[in-house]
Each structure stands twice: as structure tokens, then as C-alpha cells.
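> Take this structure first; my questions come after.
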Amino acid sequence: MSEISKKKVLLHVCCAPCSASAVKMLNVEYEISFYWYNPNIYNEQEYKNRKGSAIRYAKELNISFREEEDFLYNYKNWKNKSLEQCRLCYTFRLEKTVIFAKQNNFDFFTTSLLSSPYQKHDLIKQIANDLADKYKINFLYCDFRPGFYEVKNLLKQKGYYMQKYCACNKSYREMFDNK
Ligand code: SF4
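The opening residue of the sequence shown carries number 50 in the numbering used here; numbering runs sequentially from there.
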């Protein structure tokens, strides 16, 4: 008996804990691939921690992990945090995701950024919708936030890396200001 093939979704992943919430909602109905492109992360060790954790999670779930091959690590260019900077930061990452999804014949793209209660959810949704129109590709919008803390805690218990700030230099400094 032939299996009904699932639609392919390229999931831009910002980190393992946010990915977990998205995977939980999507993996029954869709075939998910992770896509890593996050040159906004300050600093190098933090970048390695987050990426390593996302790779470990993909392996645990037997999900393919894709990334930008000619990626240049450029966190030093990310100095500010403002609404405009966040808009650029989301656009920069999602546009690469959309282009990759188009080039590799995915049915949909989406992002684990829609999992975090700390992100600007409506802005991310708007940018993704605009990119979907621009590149003529389907954006799979889901609010992954319900259940975020539950799956995040499960990963924490398994020893996955848990970041303490959004990603850029400014959000890193704010972490200390808010203590
Ligand atoms: S706060 Fe987060 S989303 Fe905004 S610019 Fe910094 S890293 Fe990007």
C-alpha cells in the first residue's frame, strides 16, 4: 500500500527550543526540514552553542538540517536593536529561507521565530507574508507559541542549550541591564 506523501516544509530554525514547539505542531502532517541561517547572533561561542543544539535536535528527530553553504559569520555588523533593526533582522533571515525553499521545491516555508513569546510575532508574520507574495511561495503561518514553555522545559531536562538573550549585541547587553 502506498503512503500518502506529505507536503514539504522548510522550517527556518533560530534555536532548538523554539524549533521544538513548531515541530510538535507540524510533524504529523508535514515533512519538515530545518534551515539554519542566523548571522545575527553575538558572539561566536553563542552562535556555536545555538547551532550545535539545533543540529543535535535535528539528529534526535531524524530531520534533515540544511544551511547556507557560503554563509559568512557577520554578527559584528549587528550592533543595534530597534524596531527597524528587528525588521531587517527578520527579513534578512527569512528572505534567505524563502529563496532556499524556492530553489529546492519546498511546498511551504515557515519559521521557529513564531514560537517565541519574546519575539515580535505580528511583525514576523507580516514580513513572511510579504516575502511569500514577492517570491510566489506558500508561507505556512502557525502560532507556535502555545506549548512553548512545555517543550522548552523538556529540552532543558535533556541538557539542550538555553539562550538568555535574543541574539544581537544590543540584546546581549540588555540582558545585563535587566538583571
Ligand atoms: S533584538 Fe533580536 S530580532 Fe531584534 S535585531 Fe536583535 S537579534 Fe534581531
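Beta carbons: idealized from backbone N, C-alpha and C, even for Gly.
#1: Expressed to the nearest angstrom, what Euclidean distance is found between the alpha-carbon atoms of Q175 and K145?
#2: Tell me the DSSP secondary structure of K207 in three-state form.
#3: Report yes or no: do the region 197 to 217 and the region 85 to 104 share at least 3 C-beta pairs separated by less than 8 Å?
#4: Compute the Euclidean distance between the alpha carbons of N67 and I53, then round it to the nearest angstrom.
#5: Using beta-carbon positions only, say whether G196 and S70 come within less than 8 Å of one another.
#6: State buried or exposed for A65, treating a residue as buried only when at least 16 other CB atoms are found within 10 Å of its CB.
#7: Beta-carbon within less than 6 Å of Y86's beta-carbon, same chain only, minus the 5 sequence neighbours each way: which residues are those?
#8: Roughly how many whole angstroms lie between the Cα atoms of S102 and Y184?
#9: Can you tell me the Cβ-Cβ gap for Y91 and Y221, rounded? I've got them flagged as a contact below 8 Å.
#10: Flag A103 as yes when its Cβ comes closer than 7 Å to any non-hydrogen atom of the ligand SF4, and as no otherwise.
#11: Taking only three categories from DSSP, how would you classify E80?
#12: If you follow the alpha helix (DSSP H) that R99 is in, where does it begin and where does it stop?
#13: Closest by CA to S164, which one among Y106, R194, F83, K108?
#14: What separation, rounded to the nearest whole angstrom, lies between the Cα atoms of D156 and D226?
Short version:
#1: Distance from the CA atom of Q175 to the CA atom of K145, rounded to whole angstroms, is 16 Å.
#2: Of the three classes helix, strand and coil, the one that applies to K207 here is coil, per DSSP.
#3: Taking a contact to require three or more Cβ pairs closer than 8 Å, the region 197 to 217 and the region 85 to 104 qualify as touching.
#4: First, the amino acid is wrong: residue 67 is Cys here, not Asn. When only Cα atoms are considered, C67 and I53 end up about 28 Å apart.
#5: Between G196 and S70, the gap from beta carbon to beta carbon is short of 8 Å.
#6: A65 sits buried, since 16 or more C-beta atoms from the chains shown fall within 10 Å of its C-beta.
#7: Counting only Cβ-Cβ distances below 6 Å, and skipping sequence neighbours, we find E117, R142, K145.
#8: Using only the alpha carbons, I get a separation of about 30 Å.
#9: Indeed they touch by this definition, with Cβ atoms about 5 Å apart.
#10: No, Cβ of A103 sits at least 7 Å from all heavy atoms of the ligand SF4.
#11: In this structure, E80 counts as strand in the three-state DSSP scheme.
#12: Element bounds for R99: 93 to 110.
#13: For S164, the nearest C-alpha among the options comes from R194.
#14: Going by the C-alpha atoms only, they are around 43 Å apart.
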